[in-house]
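Input: a single structure, listed below in structure tokens.
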Amino acid sequence: MRSLPSIIHLDMDAFFAAVEQAAKPSLRGKPVIVGGLGGRGVVSTASYEARRFGVHSAMPMAQARRFCPNAAFLAGRFEAYRQVSEIVMGLLRELSPLVQPLSLDEAFVDLEAGPYGPVLAEADHGTGERLVLALAEDLRADIERRTGLTASVGAAGSKLMAKIASEQAKPDGLVLIEPGEERAVLGPMPVRALPGIGPATEQVLRRAGLNTVADLAEAGEAELVQLLGRSHGVGVHQMSIGLDDRPVVADQDAKSVSVEDTFEVDLADRERVLREVDVLAARCVRRLRAAGRSGRTVVLKVRRFDFSTLTRSETLRGPTDDEAVITETARRLASQVDITGGVRLLGVGVSQLADYTQEDLFAQAEREEAAAEQHPAPTGEEHGPEVEEEAVVRHWMPGQDVHHAEFGPGWVQGSGVGRVTVRFETPWSGPGRVRTFAVDDPVLEPARPLPLRRGAGWGEPAGGEPEDGGAGDRAAGGNGAGDSRPGDGGTGEDGAAEPGERPGREGSAGADPAGRDPAAEG
DNA sequence: TCTGGGGTCCTAGGACCC
DNA sequence: TCTGGGGTCCTAGGACCC
80 MRSLPSIIHL
90 DMDAFFAAVE
100 QAAKPSLRGK
110 PVIVGGLGGR
120 GVVSTASYEA
130 RRFGVHSAMP
140 MAQARRFCPN
150 AAFLAGRFEA
160 YRQVSEIVMG
170 LLRELSPLVQ
180 PLSLDEAFVD
190 LEAGPYGPVL
200 AEADHGTGER
210 LVLALAEDLR
220 ADIERRTGLT
230 ASVGAAGSKL
240 MAKIASEQAK
250 PDGLVLIEPG
260 EERAVLGPMP
270 VRALPGIGPA
280 TEQVLRRAGL
290 NTVADLAEAG
300 EAELVQLLGR
310 SHGVGVHQMS
320 IGLDDRPVVA
330 DQDAKSVSVE
340 DTFEVDLADR
350 ERVLREVDVL
360 AARCVRRLRA
370 AGRSGRTVVL
380 KVRRFDFSTL
390 TRSETLRGPT
400 DDEAVITETA
410 RRLASQVDIT
420 GGVRLLGVGV
430 SQLADYTQED
440 LFAQAEREEA
450 AAEQHPAPTG
460 EEHGPEVEEE
470 AVVRHWMPGQ
480 DVHHAEFGPG
490 WVQGSGVGRV
500 TVRFETPWSG
510 PGRVRTFAVD
520 DPVLEPARPL
530 PLRRGAGWGE
540 PAGGEPEDGG
550 AGDRAAGGNG
560 AGDSRPGDGG
570 TGEDGAAEPG
580 ERPGREGSAG
590 ADPAGRDPAA
600 EG
């Protein structure tokens, strides 16, 4: 708690969807929905235009399609989001080295720890607040200039209140909550406004007759501890009276690494489950190594047909980043779970992370030798005799960046029945034209995302070799985190509807997996 | 066409040790 | 042959966040 509102919370507005609109001129001002496009996908981010139709994060995609059938439905382009995020975080670090990212689009900044700290410390109340407001407005303007995106900023004397303030500021706003005003601001709010109070806690509180933050403050610590347990109870009470001492802490190392996949169709047989575990373990190891870490505890996650979820874990004697070890452990765990009824999701994770420390090099070398003698260990790549001929077919995701030898850069609007529809436009062009190609047209290739501002090259390439030709050709390591999706994405694919244009026209609406006429569905 | 993917933190019981 | 506590590690599950 401070007497000056020197903690700010920044939150990009509808981040993923806003990046898409900035990158794709034809989508500006139109409803855009980013998320999982498969049958079991959910909305990750909806643009404000789409929110007006009732679409929101975490909503099942099928429902979103019913609510807003004319939206553009896009798969996420995380490489692009990461690149924009780096620009934004860089701007925050100009304000202070003490930046705590919470996700790609959100962060706390402690202004007192930065170059304006000394000035703030000496300023009187009014002067200090005016300075904070000026810095925050400059920041928002810088972000808009560098990325074309809007951000909302909250400033306050604590993380709690800064976050509440940025929420009030949305979209594209700035709100400062004056120290001293905490309880007045919080009091009338529903308990759900407090971070850490979700649906379950809300229910517990509601049953106890506690609906607003003022109710919580009045209830007192003892009652909240009674209801919520020691830790949560104390925390919630503190928040309810506007107390929050948590410091802004710079970037912490991750404590776990995990990957998971939900399958289009539940997996029924054990062999298939084990094969998917191999694939997941390989992806998990790739991420682990890319981060230069190794881990001691391997966790297997299984979600069954009925959505019940269980985890099984095993702790090794020492940390490892050895794919064979992690794969074997995950397999062992997977072979012990009951899969009757089917498996909807599998996940493999590693926790108890240590910095690199290539555990037992000796043992690893030995294992690799042994493995080489027999047959190669599962690498996640399908080899083996029964190679699916189908695996060669290109997979075009709506929203994906592409480059055409003749028409240049564009993005996939939809695909199906052997065709892919591409709109040729760039972040700095006007709305572009649509053309359709055969899915295996050799002059059409996947491409890296373009920067949102012309000439403003991205910071550091995140790997991948796709020809971008020209200057910035310093490809870093392999595509670590990976858009590599398991070949399970289902057959066929939805297309992004053409926003604002007659849906169902021009093939671009795509064919559904059953190959029916897209115009046939509502 | 019900319900993603990547995380964090907390609780609780049992094992094991002192 | 009874009732003791405390600490740490491991495992499992759940709430929550973006």
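Numbering-wise, the first sequence is residues 80 to 601 according to the working numbering. In this text, a Cβ means the ideal position worked out from N, Cα and C, and glycines have one as well. Just so it is clear, the structure is predicted and the values come from calculations on it, not from any experiment.
Between S337, R225, R391 and G169, which has its C-alpha nearest R368's C-alpha?
Of the listed residues, the one whose Cα sits closest to R368 is S337.
Put P139 into one of helix, strand or coil per three-state DSSP.
Three-state result, P139: strand.
From the DSSP secondary-structure annotation, give me the bridge partner or partners of E121.
Per the sequence shown, residue 121 should be read as Val rather than Glu. V121 is bridged to P139.
Per DSSP, what are the beta-bridge partners of D480 in this structure?
Its beta-bridge partners are W490.
Using DSSP's beta-bridge definition, name the partner residues of K380.
Its beta-bridge partners are T390 and G426.
Report yes if the C-beta distance between A235 and I256 is below 8 Å; otherwise report no.
It is a contact, given that the beta carbons lie within the stated cut-off.
What is the rounded straight-line gap between the Cα of A186 and the Cα of P110?
Distance between the alpha carbons of A186 and P110 is about 26 Å.
Taking A96 as the reference, give the member of M80, Q179 and V163 with the closest Cα.
Nearest of M80, Q179 and V163 to A96, Cα basis: V163.
Between V328 and I243, what straight-line distance do the alpha-carbon atoms span, to the nearest angstrom?
Roughly 19 Å separates the two Cα atoms.
CB V427 to CB A403, shorter than 8 Å?
No, the pair does not count as a contact, with Cβ atoms beyond the cut-off.
Apply the 10 Å Cβ neighbour rule to R349 and answer buried if 16 or more other Cβ atoms are within range, or exposed otherwise.
Exposed, since its Cβ has fewer than 16 Cβ neighbours within 10 Å.
So, with DSSP's three-state summary, where would you put E460?
With a pLDDT of only 40 at E460, under 50, the local geometry of the prediction cannot be trusted, and the value read off the model is given with reservation. E460: coil per DSSP, three-state reduction.
In the DSSP assignment, what residue or residues form a beta bridge with R372?
Bridge partners of R372: D434.
Would you tell me roughly how many angstroms separate the C-alpha atoms of I166 and A241, rounded to the nearest one?
Their Cα atoms are separated by approximately 22 Å.
Compute the Euclidean distance between the alpha carbons of R325 and R351, then round it to the nearest angstrom.
Answer to the nearest angstrom: the Cα atoms are 46 Å apart.
Between R362 and the rest of its own chain, which residues show a CB-CB distance below 6 Å, the 5 nearest in sequence each way excluded?
Taken in chain order, the residues that qualify are V338.
For the 8 Å Cβ check, are there 3 or more pairs between the region 262 to 269 and the region 116 to 123?
Verdict: no, contact absent.
Let me check understanding here. Comparing Cα to Cα, which of D184, P398 and Q179 lies closest to A192?
The shortest C-alpha separation from A192 is found at Q179.
Considering only DSSP beta bridges, list what L253 is partnered with.
Answer is V232, bridged to L253.
Going by DSSP, what residues sit across from D189 in a beta bridge?
Bridge partners of D189: I86.
Does F132 come out as helix, strand or coil in the three-state DSSP assignment?
F132 falls in the coil class under three-state DSSP.
Taking the alpha-carbon positions, what's the L284 to L307 distance?
C-alpha separation (whole angstroms): 9 Å.
By Cβ distance below 6 Å, which residues in the same chain neighbour T390 in space, the five residues on each side in sequence not counted?
Only V378 and K380 meet the Cβ criterion.
Just to confirm my understanding: we take R498, look at its own chain, exclude 5 residues before and 5 after, and list those with CB closer than 6 Å. What are they?
Once the five neighbours on either side are set aside, the close Cβ partners of R498 are T515.
Taking only runs that begin and end inside the region 290 to 331, name each unbroken alpha helix (DSSP H) of 4 or more residues, in chain order.
Those alpha helix (DSSP H) runs which fall completely within the region 290 to 331 and span 4+ residues are 292 to 298, 300 to 307 and 309 to 319.
Should D92 go down as buried or exposed, given a rule of 16 or more other Cβ atoms within 10 Å for buried?
Under this definition D92 is a buried residue.
Quick one: measure Cβ to Cβ for D221 and F94, integer angstroms, because I've assumed they're closer than 8 Å.
17 Å between Cβ atoms; not a contact.
Decide if the region 258 to 267 is in contact with the region 290 to 308; the criterion is three or more beta carbon pairs, one per stretch, under 8 Å apart.
Enough Cβ pairs lie closer than 8 Å, so yes.
Measuring straight from C-alpha to C-alpha, what distance separates K103 and G205?
Spanning the two alpha carbons is a distance of roughly 43 Å.
D323 and M80: beta carbons closer than 8 Å?
Taking 8 Å as the Cβ cut-off, D323 and M80 qualify as a contacting pair.
Which value, in whole angstroms, describes the spacing of the CA atoms of G277 and G511?
Each residue's Cα considered, the two are about 43 Å apart.
Strictly by DSSP, which residues pair up with R502?
Note: R502 sits in a beta bridge opposite W490 and V513.
To the nearest angstrom, how far is the alpha carbon of A333 from that of G312?
When rounded, the distance between both Cα atoms is 27 Å.
Quick check: what's the CA-CA separation for L212 versus Y195?
Going from the Cα of L212 to the Cα of Y195 covers about 12 Å.
How big is the Cα-Cα spacing for M476 and A215?
Going from the Cα of M476 to the Cα of A215 covers about 37 Å.
Could you check what DSSP says for D519 in three-state terms: helix, strand or coil?
Note: D519 maps to coil in three-state DSSP.
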